[in-house]
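Chains as they are written, first to last, in this note's numbering: chain P, 1046 to 1132; chain G, 11 to 164. Please read the structure below before turning to the comments.
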């Protein structure tokens, strides 16, 4: 079998709400880097070094922290605090 | 247990009655139903709001709402739960959300209905964009829930 030794593993990055509007995109694919964390995905996708303090992250639709490791095929999402409103 | 996300406007009391008839065909099957309906206001932060667009994260929204209802059903002696939530463009007066919980006795239904609603507000990925006389604005003072903050720290 003629299988490539190195797969170009991709991840999907999604932005929502004000984060998407401010950057002019909602979804893009990125190559997965070795030992990539969610924080590193943010920087690779946006070109911005720091993840803003109030931005929430999700890996495959579960909330996660910025230090979470990313795997091939993951969907990583960044979004503002969800609609809490007054109780 | 049912979780529905709708683009179209819905009438909560019609939905509630139809769901109840389908889930409890035998009369007398439950002793209590507590329900909550959230409705869009025409005023926020002192400004008149003409319309609102509710964005969400399709897939993640349903998944978290189902988890919230499953947790409530595991925690309290409930017979059933129903959540219906609007997305897309809403007008003042439109129902945004319906939460209902059925149980044998009132305490569980009251508590679970409140709990599901509070959990929804803090965990479900919805974002509000308001249309005012000055244009559109994202509602920015939203609070991340305790559970979300805890997930970030872990």
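Even glycine gets a Cβ: it sits at the ideal position worked out from N, Cα and C.
Is residue i buried or exposed, if buried means 16 or more other CB atoms sit within 10 Å of its CB?
i                      : result
residue 155 (chain G)  : Reliability of the predicted coordinates at residue 155 (chain G) is poor, the pLDDT of 44 falling under 50, and the value obtained from them is presented with this limitation in mind. With 16 or more Cβ atoms within 10 Å of its Cβ, residue 155 (chain G) is classed as buried.
residue 1112 (chain P) : exposed
residue 24 (chain G)   : exposed
residue 1128 (chain P) : buried
residue 1097 (chain P) : exposed
residue 55 (chain G)   : exposed
residue 1117 (chain P) : exposed
residue 106 (chain G)  : buried
residue 1073 (chain P) : exposed
residue 144 (chain G)  : exposed
residue 32 (chain G)   : exposed
residue 74 (chain G)   : buried
residue 117 (chain G)  : exposed
Just curious, the alpha helix (DSSP H) that residue i is in, first and last residue?
i                      : result
residue 61 (chain G)   : From DSSP, residue 61 (chain G) is part of no alpha helix (DSSP H) but of the beta strand (DSSP E) over 57–66.
residue 129 (chain G)  : 116–133
residue 1062 (chain P) : 1062–1068
residue 71 (chain G)   : 70–85
Would you please verify whether the beta carbon of residue i is less than 7 Å from any beta carbon of chain G?
i                      : result
residue 1106 (chain P) : yes
residue 1067 (chain P) : no
residue 1063 (chain P) : yes
Any beta-carbon of chain P closer than 7 Å to the one on residue i?
i                     : result
residue 67 (chain G)  : yes
residue 62 (chain G)  : no
residue 70 (chain G)  : yes
residue 16 (chain G)  : no
residue 73 (chain G)  : yes
residue 148 (chain G) : yes
residue 154 (chain G) : In this predicted model, residue 154 (chain G) has a pLDDT of only 44, less than 50, meaning its place in the structure is not dependable enough to derive any value.
Would you list the one or two residues that DSSP bridges to residue i?
i                      : result
residue 1104 (chain P) : P:1107, P:1121
residue 95 (chain G)   : G:15, G:107
residue 140 (chain G)  : G:62, G:147
residue 1127 (chain P) : Paired residue(s): none; residue 1127 (chain P) is not in a bridge.
residue 52 (chain G)   : Per DSSP, none; premise fails for residue 52 (chain G).
residue 1059 (chain P) : P:1072, P:1122
residue 46 (chain G)   : G:109
Just reading off the beta strand (DSSP E) that residue i is part of, what are its end residues?
i                      : result
residue 1113 (chain P) : Residue 1113 (chain P) -> no beta strand (DSSP E), and no H or E assigned at all.
residue 146 (chain G)  : 145–148
residue 22 (chain G)   : Here residue 22 (chain G) belongs to no beta strand (DSSP E); instead the alpha helix (DSSP H) covers 22–33.
residue 1091 (chain P) : Note, residue 1091 (chain P): premise wrong, no beta strand (DSSP E); alpha helix (DSSP H) at 1083–1091.
residue 1077 (chain P) : Residue 1077 (chain P) -> no beta strand (DSSP E), and no H or E assigned at all.
Interfacial residues, the region 1117–1131 of chain P to chain G, with Cβ spacing under 7 Å: 1122, 1124, 1125, 1126, 1127, 1128, 1129, 1130
Contact list for the region 22–41 of chain G against chain P, Cβ threshold 7 Å: Listed by position along the chain: nothing, the set is empty.
Near-chain P residues of the region 127–138 of chain G (beta-carbon distance less than 8 Å), N- to C-terminal order: 128, 131, 132, 133, 134, 135, 136, 137, 138
Near-chain G residues of the region 1080–1104 of chain P (beta-carbon distance less than 8 Å), N- to C-terminal order: 1099, 1101, 1102, 1103
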